[in-house]
Structures are given as structure tokens and as C-alpha cells.
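The block underneath contains the structure these notes are about, expressed in C-alpha cells.
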Amino acid sequence: MKVSYYPGCSLEETAAAFDLSVRQVCDHLGVSLEEVPGWACCGSSPALKMDRLLSTSLAAHNLALARGQQAEKMVIPCPFCFRRLLSAQQETQAAPETREMVQETIGAELDDSLKVLSLLGFLRHTIGLEAIGAKVKTPLKGMKVLTYYGCYLVKPASVTQYDDPEHPISMDEVLEALGAEVLPWDFKTECCGASLAVSKTDTVCELSGRILREAVYREADALVVACQLCQANLDMRQTQIGKLHGTQYQLPIVYFTQLMGLAFGMSYKALGLGRHLTSPKAMLKSKGVLQ
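When you line the sequence shown up against the working numbering, it's residues 22 to 312, in that order.
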């Protein structure tokens, strides 16, 4: 299966581990990721707050670039990029005047037939649990995990349209297909502080601290994420948050694609697991996933 692939800016740099694991896993599942040629910024939060037409045009520009790839689907790992490109497609479909202005701005026509999908939704619903389970070589038996979707990936349901916005289960089902035990909790879609890490660090520590404290209370072996901002806030702030809570946190924060890759028999290094500040190596060895 060939799909158009939009990695987004973060996966080029700070979230390179996410991109590495996405490419490895998709290749193993027989999915050919054809990167959008010459892709640019998706027009996420900064552009959206400055100029709505600019933001929508940036997103639409990337949709237009994908036309030449002749793919039916575009797969996007980043929740922010996914939401922005999908919203732009929906906005231009719903409002002819907006569509005309956007097409004039980008100097290209839009193709409404392209299906814009989040990576998580694509793997769960297009590839499917049976195909994922069939690739497992090293089941994640004995590993207790909590799934954390964040506040952006599945909301609003009117836009994302592939999971419950308050109690999503798609990542849970993927991890269960790998053999992991998914623990229940009420923080699946709580906000971690997102992009406020620099401007409002105290707020990020408070919000991410609630999530970490609850995850440790639930005795999770790892917190599994599908968003690079969630991974960064929950991973890099653990020492700072621990000082506020009077404790030390050493909870691995891993991408769901990294656990998929391990279950498929891929190497620790190839999946970018060595790039995290809180190393998951000891935990993975204790569970028999690594030798």
C-alpha cells in the first residue's frame, strides 16, 4: 500500500525518534510512505492565531502538493499537523468563498478525494489489529502501560472522526494486539501544557505533573503517547516536576510506534529509544522485551 506521508516540522528535529519508528513500523507492515515533495509548515497554532487565511493556505498548500503523488490517503503522525490539514480540507469544502481565496493564494487547485488520516487512526482502522498482531515476534506480555492521547489528537470529534473524544480506545487496542496490558485511568485526554513549555513553564509542570503522579500511582511501566509535544513535556520535565512533588520520577515516555517496533522484533537503536531523557532500557529488559 502506498500512502502520502506528511511528517511535519517537529519530526524532522526534536521528535526524530517518532519519525524513525513510524517509518520502520510502516515498512514492516507493507506500507510505503511517500513523503510529500517540498512540504512546508502546516500553519498550526502561531499562524492560526495571526491570520486564519494564512494558516488555512499553508495547510492547503501541502494538500495540493500531494496531488502529484496520486495516493488516495495522506498519513500524518503529528496531531497538530493532522488537525490543521484536515481542518483546512473541511473548511475549503464547506465554504466556496474560502476555497476560492485559498486556491488563489497558493496558486493551485485542491483535490477533495484525498483522505487525510492520523497515523494512529490509519494503523488501527486501515491496517487493522489482525495484521498488526500477525507481525508480533516479541509479545509485550507482562508490560503494564497507560495510553495518553493528549488533548488534540481526537478532539473535536466532528473533525477527527475516528475515535471517542473523551474515552478513546484505538491506541489501547493496538497495544493490546501487541500483548501489553493497558491499565484504566481518567487522564487519557488531559492537557500536558502543550506548547507553553517556554512561555508558561509553571503551568506545564502543574499539568504534566498531574499526569505523571497519576501514572506512577497506577503503577504503570510506561506512559505511551502519540504526540511529540506530550512526549517532550512528560519526558524532559520529570526532574523539575519531581522537585515540586518531593520525589524522583523515572517513568519512560515512549511512542506507541516504538512499542510496535519492539514487538515486531526491531532494535532499540533503530526505533530511536536511546534518544529519550528517561531511558526505558531497564524496564524493557525487566519485561524480557530486550536481552
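Glycine residues also receive a C-beta, built at the ideal position from the N, C-alpha and C atoms.
C-beta contact flag for residue i and residue j at 7 Å
i	j	result
Leu141	Val96	no
Leu86	Val57	yes
Asp242	Met304	yes
Asp133	Gln111	no
Ser191	Arg120	no
Ala201	Val166	yes
Lys94	Lys136	yes
Lys308	Met164	yes
Ala109	Thr77	yes
Ala198	Gly154	yes
Tyr173	Pro189	no
Tyr27	Trp60	yes
Tyr270	Leu233	yes
From the options, residue whose alpha carbon lies closest to that of residue i
i	options	result
Glu211	Val225, Glu202, Lys221	Val225
Val16	Gln279, Met22, Glu33	This structure leaves residue 16 out entirely; the chain is present only between 22 and 312.
Arg258	Leu298, Pro100, Leu150	Leu298
Leu292	Leu41, Thr119, Lys306	Leu41
Gly295	Lys308, Ile274, Cys47, Pro205	Ile274
Leu131	Phe103, Glu197, Leu107	Leu107
Leu79	Ala129, Arg231, Ala178	Ala129
Glu235	Ser307, Ala155, Ala215, Asp207	Asp207
Cys213	Cys63, Pro28, Ala92, Ile262	Ile262
Pro98	Ser31, Pro189, Leu272, Val180	Ser31
His49	Ile148, Ala215, Glu121	Ile148
Asn83	Val123, Val237, Ala116	Val123
Glu21	Leu272, Lys264, Gln252, Asp184	Limits of the chain in this structure are 22 at one end and 312 at the other, which puts residue 21 out of reach.
Glu151	Ala218, Val195, Pro205, Thr77	Val195
Met22	Leu54, Val180, Val43	Leu54
Asp223	Gln252, Lys264, Pro177	Lys264
Opening and closing residue of the alpha helix (DSSP H) in which residue i lies
i	result
Met257	249-257
Val310	Unbroken run through Val310: none, as it is neither H nor E.
Leu280	277-284
Leu150	150-155
Val219	Taken as a continuous stretch (DSSP letters only), Val219 belongs to no alpha helix (DSSP H), as it is neither H nor E.
Val175	Here Val175 belongs to no alpha helix (DSSP H), and DSSP marks it neither H nor E.
Glu194	191-198
Spatial distance of residue i from residue j (CA atoms)
i	j	result
Thr168	Asp193	6 Å
Gly89	Val24	12 Å
Gln249	Glu33	11 Å
Pro160	Phe143	22 Å
Gly282	Cys47	9 Å
Pro100	Ala247	8 Å
Val245	Lys302	15 Å
Ile127	Arg73	14 Å
Lys315	Cys63	This structure cannot speak to residue 315, because the chain is shown only from 22 to 312.
Phe103	Phe39	15 Å
Phe277	Ala284	11 Å
Ala116	Ala92	25 Å
Arg231	Thr268	13 Å
Asp256	Glu118	44 Å
Ser65	Cys251	16 Å
His266	Thr260	10 Å
Where the beta strand (DSSP E) containing residue i begins and where it ends
i	result
Ile97	94-97
Ser134	Premise fails: Ser134 is in no beta strand (DSSP E) and is neither H nor E.
Leu167	165-169
Glu56	53-56
Tyr26	23-26
Leu32	Premise fails: Leu32 is in no beta strand (DSSP E) and is neither H nor E.
Ala38	First-last for Ala38: 37-49, but that is the alpha helix (DSSP H), not the beta strand (DSSP E).
Ala243	243-246
Residue-chain proximity (residue i, chain D), Cβ-Cβ < 7 Å
i	result
Gly51	In the structure shown, chain D does not exist; there is a single protein chain.
Alpha helix (DSSP H) runs wholly inside the region 57-128, at least 4 long, in chain order: Counting whole runs of 4 or more residues, the region 57-128 contains the alpha helix (DSSP H) stretches 66-71, 73-86, 100-115, 117-127.
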